[in-house]
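Novice: Okay, handing you the structure first.
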Amino acid sequence: MQEFSPGLAGVAAAKSKVSFVDGQIGLLEYRGIRIEELAAKSSFLETTYLLLYDRLPTQAERDRFLSDLVHHRRIKYRIIDLIKCLPEHGHPMDALQAAVAALGMFYPARQVLDPEVQYWSAVRLIAKVPTIVSAYYRVRRGDEQIQPRDDLDHASNFLYMLTEKVPNPAIAKVLDTCLILHAEHTMNASTFSGMVTASTLADPYTVVSSAIGTLKGPLHGGAAQEVVEMLEEIGSREHVRSYLEKKLAAKQKLVGFGHRLYKVKDPRAASLQAIAQQLFAQYGRSPLYDLAEEVERVGEELLRGKGIHANVDFYSGVLYKTMGLDPDFFPAVFAMARVSGWLAHWVEQLQDNRLFRPGQIYEGVHGRAYVPLTNRH
Ligand code: ACO
Numbered sequence: 001m002q003e004f005s006p007g008l009a010g011v012a013a014a015k016s017k018v019s020f021v022d023g024q025i026g027l028l029e030y031r032g033i034r035i036e037e038l039a040a041k042s043s044f045l046e047t048t049y050l051l052l053y054d055r056l057p058t059q060a061e062r063d064r065f066l067s068d069l070v071h072h073r074r075i076k077y078r079i080i081d082l083i084k085c086l087p088e089h090g091h092p093m094d095a096l097q098a099a100v101a102a103l104g105m106f107y108p109a110r111q112v113l114d115p116e117v118q119y120w121s122a123v124r125l126i127a128k129v130p131t132i133v134s135a136y137y138r139v140r141r142g143d144e145q146i147q148p149r150d151d152l153d154h155a156s157n158f159l160y161m162l163t164e165k166v167p168n169p170a171i172a173k174v175l176d177t178c179l180i181l182h183a184e185h186t187m188n189a190s191t192f193s194g195m196v197t198a199s200t201l202a203d204p205y206t207v208v209s210s211a212i213g214t215l216k217g218p219l220h221g222g223a224a225q226e227v228v229e230m231l232e233e234i235g236s237r238e239h240v241r242s243y244l245e246k247k248l249a250a251k252q253k254l255v256g257f258g259h260r261l262y263k264v265k266d267p268r269a270a271s272l273q274a275i276a277q278q279l280f281a282q283y284g285r286s287p288l289y290d291l292a293e294e295v296e297r298v299g300e301e302l303l304r305g306k307g308i309h310a311n312v313d314f315y316s317g318v319l320y321k322t323m324g325l326d327p328d329f330f331p332a333v334f335a336m337a338r339v340s341g342w343l344a345h346w347v348e349q350l351q352d353n354r355l356f357r358p359g360q361i362y363e364g365v366h367g368r369a370y371v372p373l374t375n376r377h
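Under the working numbering, residues 1 to 377 are what the sequence shown spells out, in order.
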């Protein structure tokens, strides 16, 4: 009899050196460095290099990596045409998944074991995903896509491509830190999905588009959008308790709470909360953030003793909303960050690849007779 673990909980599906989580104490490390330290001292692109190459880059390596990324931000006009053909009421994650899959048709990368192919595919994907996300954001509103600007850093350029305004550096820094905190998280659902695809030796664009599809779901990257929708539905502090109690009495889950691994508060939620506190102390209070804090406080009280606490998606949506993003774009911003982690696992997996082909426990019948259509009732 094969052992069965629903949701593969507790089953190791790979050996990895990319990141480490200790859910009992709320520890997350990328390549051995705590995320709090990276959030305070690094940038998203430097962290991406660390995830991909298992070390922080030297000055020369960093310069070359950043320059290669800047020079691959643009997307072909046919990809923009493809985005223009998509319905404006569609979900941004579907637009991103379709456009990333289409990118693979322009940049065939069949020699996936070749380090040069791996490098340039990673550069293209990390550089172009923000351009695709912002293009759909603009086109959906009936506006023209804005070309990337080579003189702006990764986060500033993304915000610029949304609004045609160079953002306040403090806001861009907040977004960059959000990207660091979302860049990688061990064997999560979307990474696993990408790795299953990678194990077939499919090209990296297909790998990333599989992972994007998995990230979209509300149990994974879709939760940030639902948190903001929940906060808007609650409306004000005095409705928090009755709203949460009603949800729990109806055996519904509170979005933005709970995690398969963390039995304490998700360290990424704590870091995002600290960033939000600094931001709102500097630029004026945010009623949405104040409401989120109250929801967390009451939610913690109601879920006490169950090991269920705020997760990464609890505060990220509040920050993205403050930057003016539409809630259905939050998972796409998550994807802009997580593409680094997916690619780090893709590169690692190809070093010692084996096709994923798990077993199953068959619970059906055997030896059934085929009944002709006329005899079926
Ligand atoms: N609110 C209330 N109860 C919860 C919550 C929650 N958010 N999360 C888990 N529980 C309860 C379940 O009802 C269940 O209770 P029971 O044992 O009495 O039936 C128990 O905790 C275990 O829950 P599972 O869903 O089986 O645990 P799992 O490890 O699969 O859950 C998950 C992880 C899917 C993230 C879950 O906590 C959840 O659905 N959270 C809300 C959605 C969310 O915020 N997702 C984002 C996660 S972060 C990320 O993916 C980037």
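All C-beta atoms, glycine included, are put in the ideal place defined by N, C-alpha and C.
Got a sec: does the ligand ACO put a non-hydrogen atom nearer than 7 Å to the Cβ of I234?
Specialist: no
Novice: Return the CA-CA distance between L143 and D290, expressed in angstroms with no decimal places.
Specialist: In the sequence on display, residue 143 carries Asp and not Leu. Their Cα atoms are separated by approximately 33 Å.
Novice: Are there any heavy atoms of the ligand ACO lying less than 7 Å away from the beta-carbon of F4, as far as the coordinates show?
Specialist: no
Novice: Name the residue from G217, G324, F44 whose alpha carbon lies nearest to the alpha carbon of F379.
Specialist: One cannot answer for residue 379 here, as it falls past the ends of the chain, which runs 1 to 377.
Novice: Count the other CB atoms, across all protein chains shown, that sit within 10 Å of the CB of G324; report buried if there are 16 or more and exposed otherwise.
Specialist: exposed
Novice: Specify the secondary structure class of A9 as computed by DSSP and reduced to three states.
Specialist: Assignment of A9 by DSSP, reduced to helix, strand and coil, places it in the coil class.
Novice: Identify which residue in G284, G217, L56 has its Cα closest to the Cα of V18.
Specialist: L56
Novice: Regarding A223 and the ligand ACO, is the C-beta to nearest heavy atom distance less than 7 Å?
Specialist: For the ligand ACO, at least one heavy atom lies less than 7 Å from the Cβ of A223.
Novice: Taking 7 Å as the cut-off, is the beta-carbon of K253 closer than that to any non-hydrogen atom of the ligand ACO?
Specialist: yes
Novice: Mind checking E378: buried by the 16 CB within 10 Å criterion, or exposed?
Specialist: A query on residue 378 cannot be resolved here, the shown segment of the chain reaching from 1 to 377 and no further.
Novice: Which residues in the same chain as F382 place their Cβ atom closer than 7 Å to its Cβ, once the five residues preceding and following it in sequence are excluded?
Specialist: In the structure as shown, the chain begins at 1 and stops at 377. Residue 382 is therefore absent and cannot be evaluated.
Novice: Three-state secondary structure (DSSP) at L325?
Specialist: coil
Novice: Looking at the structure shown, is I79 part of a helix, part of a strand, or coil, going by DSSP?
Specialist: Of the three classes helix, strand and coil, the one that applies to I79 here is helix, per DSSP.
Novice: Report back the beta-carbon spacing between I275 and L319 to the nearest angstrom; my notes put them in contact at under 8 Å.
Specialist: 7 Å
Novice: Kindly identify the DSSP beta-bridge partner or partners of Y30.
Specialist: S19, I33
Novice: Residues bridged to A310 by DSSP?
Specialist: F257
Novice: At a cut-off of 7 Å, would you count L219 as near the ligand ACO, judging by its Cβ distance to the nearest heavy atom?
Specialist: yes
Novice: Under the three-state reduction of DSSP, which class applies to Q147: helix, strand or coil?
Specialist: Coil.
Novice: Near M187, which residues of its chain fall below 7 Å by C-beta distance, leaving aside the five closest residues on each side in sequence?
Specialist: Counting only Cβ-Cβ distances below 7 Å, and skipping sequence neighbours, we find A13, A14.
Novice: Excluding sequence positions up to five away, which residues of its chain have a Cβ less than 6 Å from the Cβ of L175?
Specialist: A155
Novice: Looking at the structure shown, is G317 part of a helix, part of a strand, or coil, going by DSSP?
Specialist: helix
Novice: When we look at the beta-carbon of S121 and count the other beta-carbons within 10 Å, is it buried (16 or more) or exposed?
Specialist: By the neighbour-count rule (16 or more Cβ atoms within 10 Å), S121 is buried.
Novice: Compare the beta carbon distance of L125 and A99 with 8 Å and say whether it is the shorter of the two.
Specialist: no
Novice: Ends of the alpha helix (DSSP H) at P218?
Specialist: It is not in any alpha helix (DSSP H) - P218 carries neither H nor E in the DSSP assignment.
Novice: From the DSSP output, in three-state form, read off R338 for me.
Specialist: helix
Novice: Can you give me the Cβ contacts of W342 inside the same chain, cut-off strictly under 8 Å, excluding the 5 residues immediately before and after it?
Specialist: S190, T191, G194, V207, V208, A211
Novice: Any heavy atom of the ligand ACO within a distance shorter than 7 Å of the CB on H72?
Specialist: no
Novice: Does the distance from the CB of Q118 to the CB of I361 come in under 8 Å?
Specialist: no
Novice: Whose CA, out of N311, Y53, D153, lies closest to the CA of K173?
Specialist: D153
Novice: Can you say whether S47 is buried or exposed, counting buried as having 16 or more other CB atoms within 10 angstroms of its CB?
Specialist: Note that residue 47 is Thr in the sequence shown, not Ser. Result: buried.
Novice: In terms of alpha-carbon separation, which member of E293, T177, L103 lies closest to S42?
Specialist: Here the closest residue by C-alpha is T177.
Novice: Closer than 6 Å by C-beta to V196: which residues in its own chain qualify, once you throw out the five before and the five after it? Chain order, please.
Specialist: The answer, listed in chain order, is F356.
Novice: Which class does D176 belong to by DSSP, given the choice of helix, strand or coil?
Specialist: helix
Novice: On a CA-only basis, which of P372, R368, P358, Y370 is nearest S5? Give me that one, please.
Specialist: P358
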